[in-house]
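Residue numbers (the working numbering): 7 to 155.
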């Protein structure tokens with residue numbers, strides 16, 4: 007049985023070219039930044055978690071919710087082949103319990119913020135994910151982001 011099972015719906019993905027030097031402090035040991043056409047990118051991803059189950063159980067008030075994450079891509083050479091993965095710099099959700107479990111049990115980098123979304127369907131589909139960021143005294147996270155390969 008999977009720990010977490012959910013659908014990703016209404017995905018909004020934005021890629022930005024950045025200087026690889028700004029990401030070096032986040033690169034996990036044994037990996038390197040995975041560039042595309044010799045350019046380094048970060049992605050800002052907004053989506054809806056839908057029909058979420060933890061250990062096969064739908065937790066009330068935590069079934070459908072927004073997430074926005076900032077990520078970049080890495081690779082490592084293992085057993086004669088390149089394996090690719092993603093490093094999450096920050097993951098933002100509207101539920102404190104999700105942040106608590108992800109950060110304390112799985113050493114993730116979740117943050118809780120007020121969020122909302124809007125989906126307008128007409129001839130085209132427009133998806134909007136919005137969040138409000140509140141700065142804290144110590145908003146710099148000294149932990150390395152988690153690598154998902």
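Cβ coordinates follow ideal geometry from the N, Cα and C atoms, glycine included.
Point to revise | Unbroken beta strand (DSSP E) run spanning residue 10, endpoints | key: 10-24
Check your understanding: What's the gap between the Cα of residue 29 and the Cα of residue 77?
Key -> 10 Å
Check your understanding: Counting Cβ pairs, one atom from each stretch, are 3 or more of them under 8 Å apart for the stretch 47-58 and the stretch 70-90?
Key -> yes
**Study point:** Of the residues 90, 68, 120, 102, the one placed nearest residue 39, counting alpha carbons only
**Key:** 90
Exercise for review: State buried or exposed for residue 105, treating a residue as buried only when at least 16 other CB atoms are found within 10 Å of its CB.
Suggested key: buried
**Study point:** For residue 63, the nearest candidate out of 124, 10, 126, 121 (CA to CA)
**Key:** 10
Exercise for review: Go ahead and pull the three-state DSSP assignment for residue 27.
Suggested key: helix
Exercise for review: Could you tell me which residues DSSP puts in a beta bridge with residue 91?
Suggested key: 80
Review point. Can you list, in chain order, the residues of its chain whose CB lies under 8 Å from that of residue 45, leaving out five sequence neighbours each side?
Key: 23
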